[in-house]
Amino acid sequence: MSIGESENGLDIDRLYEEISHLKSERERLSSQVEQLLNERNKYNEEFKRGKDVVKELKQKRDAINAEVQELKQQRDNARREASIKRQEIKEITGQLSQIKLNPRGRSRDTAAELERLEWKVQTTSMTPEEERLLISRIAELERRLQLQQKVEGLKARLKELRRIVRELDGRGDSLHERLMKAVEESERYHREMMKLVEESSVIKVKADEAHRRFLEAKNALKTVQDRYIALLATVKSLRRREAEARRRGEEEKLRELRRRLEAEAEEKLRRGEKLSFDEFKILIEKGKI
């Protein structure tokens with residue numbers, strides 16, 4: 004049986020050609036599997052890094068948002084307190100406008116004059132008319148002093164309230180400016196985060212596609228490898244059967260040669276001719292001598 008044809012009709016040369024092709028295909032697929040695995044791992048690593056950065060940006064954005072809420076509350080508190088103070092300013096201004104008599108001078112001057120006159124009443128001899136006039140003057144000064152003290156108190160409170168309002172307005176404006184900067188920073192982090200989320204989504208799609216192609220190539224490699232191993236086993240089996248057939252053929256040839264030699268030796272013995280050593284040995288083994 005030749006190498007070209009097996010006992011059951013399979014073409015071993017054809018099998019060797021297929022094995023050679025499968026070997027090349029296996030090497031190609033192995034290289035492709037490794038390439039796709041590296042590509043998938045690269046995309047997965049990029050996605051992981053992007054995910055970590057997104058998490059970091061989100062933490063920063065959330066921290067700034069918390070600061071924004073705190074600044075907003077402080078700003079609103081300052082504005083609300085300033086509004087309350089403005090209402091009080093309005094009320095005091097209204098009270099001052101309702102005071103028809105606008106006493107001239109300062110309360111301390113009036114108090115000093117009042118104290119001087121009271122001392123005079125107590126220490127100076129006067130006629131009843133002079134005393135009446137002085138007491139009337141003292142009463143007038145007392146009313147003026149009371150009114151002056153009230154007006155001065157209201158004006159002092161008004162001045163203090165205006166100072167507080169200016170301070171609250173300044174604080175509110177400062178807080179509002181910080182608030183706007185924080186909002187802008189939060190929006191910047193949010194934009195960066197969303198951009199990175201979008202980029203990461205694209206990378207995830209690429210990673211999934213690389214993984215799908217990796218699995219396809221891996222399955223194709225397994226199919227080729229299984230076919231390659233199966234064909235090697237088939238060729239080995241055919242070679243073994245071919246060798247066995249050759250061995251049986253050689254044995255049959257030897258038996259045929261021995262039968263022919265035996266027949267020739269018997270013919271020589273029958274005719275009384277001289278036998279060779281091998282012929283003599285064959286007849287001895289057959290028990291014919």
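Residues are numbered in the working numbering as their position in the sequence shown, beginning at 1, plus a constant of 3. Yeah, the Cβ is synthetic: ideal placement off N, Cα and C, and Gly gets one too.
| So, glutamate 288 versus leucine 264, is the Cβ gap smaller than 8 Å? | In the sequence shown, residue 288 corresponds to position 285, counting from 1. In the sequence shown, residue 264 corresponds to position 261, counting from 1. For glutamate 288 and leucine 264, no; Cβs fall outside 8 Å.
| field | Alpha-carbon to alpha-carbon, glutamine 38 and glutamate 254 | value | Taking the first residue of the sequence shown as 1, we reach residue 254 at position 251. Taking the first residue of the sequence shown as 1, we reach residue 38 at position 35. Each residue's Cα considered, the two are about 55 Å apart.
| task | Identify every run of the alpha helix (DSSP H) within the stretch 85 to 118, keeping only runs that are complete inside it and at least 4 residues long; order them along the chain. | result | none
| query | Do you know offhand how far histidine 193's Cα is from alanine 220's? | reply | In the sequence shown, counting from the first residue as 1, residue 193 sits at position 190. In the sequence shown, counting from the first residue as 1, residue 220 sits at position 217. Rounded to the nearest angstrom, the two C-alpha atoms are 40 Å apart.
| Buried or exposed: which applies to glutamine 125, given that a residue is buried once 16 or more other Cβ atoms fall within 10 Å of its Cβ? | If you number the sequence shown from 1, residue 125 lands on position 122. Exposed, since its Cβ has fewer than 16 Cβ neighbours within 10 Å.
| said: Looking only at its chain, what residues have a beta carbon closer than 6 Å to the beta carbon of glutamate 20, apart from the 5 residues adjacent to it on each side? | reply: The count along the sequence shown starts at 1 and reaches residue 20 at position 17. Nothing listed; no residue qualifies.
| field | Sequence-distant residues of the same chain with beta carbon closer than 8 Å to valine 56, five excluded per side | value | On the sequence shown, position 53 is the one that residue 56 refers to. If we look at valine 56 and ignore the five residues flanking it on each side, its Cβ neighbours are Leu199.
| field | contact_flag[the stretch 201 to 216, the stretch 36 to 51] where n(CB pairs < 8 Å) is 3 or more | value | yes
| Separation of isoleucine 141 from glutamate 121, as counted between CA atoms | By 1-based counting over the sequence shown, the position of residue 121 is 118. By 1-based counting over the sequence shown, the position of residue 141 is 138. Rounded to whole angstroms, glutamate 121 to isoleucine 141 spans 7 Å at the Cα level.
| request: For arginine 109, collect the residues of the same chain with a Cβ closer than 6 Å to its Cβ; drop the 5 residues on either side in sequence, then sort them by chain order. | output: The residue you call residue 109 lines up with position 106 of the sequence shown. There are no such residues.
| On the three-pair Cβ rule with 8 Å, is the stretch 173 to 187 touching the stretch 69 to 77? | yes
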